[in-house]
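*Asks:*
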Amino acid sequence: MTEPDNESFTTLRVRPYLLTGGRTRSSVDLPLEALVRTTESGNASAGQHGREQQQIISLCANPQSVAEISAHLKIHLQVARILLGDLVQEGHVATHTTAQPTERPDLQLLERVLDGLQSL
Amino acid sequence: MNAAANPIPVKIVVAGGFAVGKSTFVGAISDIDPLTTEAAMTKASEEVDDLGDATSKKSTTVAMDFGRVGLSSELVLYLFGTPGQDRFHFMWDELVRGAIGAVVLVDTGRLEACFPAVDYMEQAGVPFVVAINAFDGVLRHHPEDVREALDIPAHIPVVVTDARHKAAVRDTLVGLVRHAMSMARQPAVQ
Chain A
1 MTEPDNESFT
11 TLRVRPYLLT
21 GGRTRSSVDL
31 PLEALVRTTE
41 SGNASAGQHG
51 REQQQIISLC
61 ANPQSVAEIS
71 AHLKIHLQVA
81 RILLGDLVQE
91 GHVATHTTAQ
101 PTERPDLQLL
111 ERVLDGLQSL
Chain B
121 MNAAANPIPV
131 KIVVAGGFAV
141 GKSTFVGAIS
151 DIDPLTTEAA
161 MTKASEEVDD
171 LGDATSKKST
181 TVAMDFGRVG
191 LSSELVLYLF
201 GTPGQDRFHF
211 MWDELVRGAI
221 GAVVLVDTGR
231 LEACFPAVDY
241 MEQAGVPFVV
251 AINAFDGVLR
261 HHPEDVREAL
271 DIPAHIPVVV
281 TDARHKAAVR
291 DTLVGLVRHA
301 MSMARQPAVQ
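Chains as they are written, first to last, in the working numbering: chain A, 1 to 120; chain B, 121 to 310.
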């Protein structure tokens with residue numbers, strides 16, 4: 001199957017999901033924009049992880065979104081989520097979102113966004 | 121860790137037809153060179169329950185460009201461009217979840233290309249503004265003509281932007297946030 005545009009392409013599924021032991025679901029709900037930061041436990045766990053997990057721990061010394069992690073590691077979003085779900089459960093990274101990430105931001109947060117944009 | 125080390129992420133979706141300037145729009149204001157994340161199609165991934173199945177299948181992936189704008193030490197804005205083609209609309213549900221709203225970019229030479237985005241945002245109740253991208257700084261159609269042609273309700277802003285210029289992109293985003301605020305104050309008005 002060949003796609004006519006540059007927005008899609010075909011790939012074998014097997015390799016990315018080998019990284020996750022074949023799992024296709026994450027244990028933790030992680031929005032695209034959720035910020036991930038390496039914890040002290042994560043910093044102390046160097047050498048205990050596979051290559052991708054170690055890259056996440058290094059990358060997230062500065063908070064990075066789930067989407068950025070997927071992009072930098074060149075792994076599918078779903079695969080990034082599964083790896084991140086494990087690292088969250090193991091306490092090696094922590095995530096930050098809005099209080100209710102599935103709902104629209106409230107007025108107070110929108111005011112802060114407006115102030116931030118106007119100061120650019 | 122202090123609060124500044126844990127900024128809050130917010131997101132805005134940049135929608136519109138194929139090649140209308142979404143990536144340019146994101147790139148004009150992003151602090152980083154826009155990145156691309158890829159996702160496997162949801163429908164296909166639901167069919168795959170074990171590795172044996174996985175080895176026998178090929179999957180289509182969908183790519184999304186996005187950028188990052190630091191608004192303060194405590195706030196990070198992500199801008200996500202929607203995949204251009206209709207068959208990737210499944211991804212839009214995830215993109216608009218929890219989003220401030222959407223900018224629907226319009227090329228006046230191909231008005232019809234933005235119909236799916238306008239329809240989607242209206243039906244999903246997502247705050248959005250329609251932004252006419254004046255590619256070469258020349259506006260070929262008056263915004264109110266575009267509003268009429270697209271049948272955009274009076275309370276939804278139709279603005280002119282220039283996806284190449286940071287100030288124009290910022291003003292468009294400011295307009296969207298103001299619109300989202302007015303919708304948040306009057307949730308009954310869709």
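Note that beta-carbon positions come from the ideal geometry of N, C-alpha and C, so glycine has one too. Keep in mind that this is a model prediction, so the values were computed, not measured.
1) Nearest chain A C-beta to B/A251 closer than 8 Å, yes or no?
2) Just to confirm the assignment, what range does the beta strand (DSSP E) spanning B/L155 have?
3) DSSP three-state label for A/Q64, please.
4) To the nearest angstrom, how far is the alpha carbon of B/L231 from that of A/I57?
5) So is A/T38 buried or exposed if we call it buried at 16+ other beta carbons inside 10 Å?
6) Using a beta-carbon distance below 8 Å, is A/R51 in contact with chain B?
7) What does A/V113 reach in chain B if we use C-beta pairs closer than 8 Å?
8) Tell me the DSSP secondary structure of B/A219 in three-state form.
9) Just how far apart, CA to CA, sit B/M303 and A/P63?
10) Report the rounded CA-to-CA distance for A/S122 versus A/E111, giving the unit in angstroms.
11) As a quick exercise: from B/G137, B/I149, B/V140, pick the residue whose alpha carbon is nearest that of B/A288.
12) Check whether chain A comes within 8 Å of B/R260, counting only Cβ atoms and requiring the distance to be less than that.
13) Give a yes or no on whether 8 Å exceeds the smallest Cβ distance from A/Q118 to chain B.
14) Let me confirm a value: B/G147 is counted as buried when at least 16 other C-beta atoms fall within 10 Å, else exposed. Which label applies?
15) Consider the Cβ of B/L155: report whether some Cβ of chain A lies at a distance smaller than 8 Å.
*Replies:* Inspection of the coordinates gives the following:
1) Not an interface residue.
2) 155 to 160
3) strand
4) 45 Å
5) buried
6) no
7) V130, L191, L195, L197, I220, V297
8) coil
9) 31 Å
10) The structure shown does not extend to residue 122 of chain A, since chain A is modelled only from 1 to 120, so the question has no answer here.
11) Residue B/I149 is the option with its Cα nearest to B/A288.
12) no
13) yes
14) buried
15) With 8 Å as the cut-off, B/L155 counts as an interface residue toward chain A.
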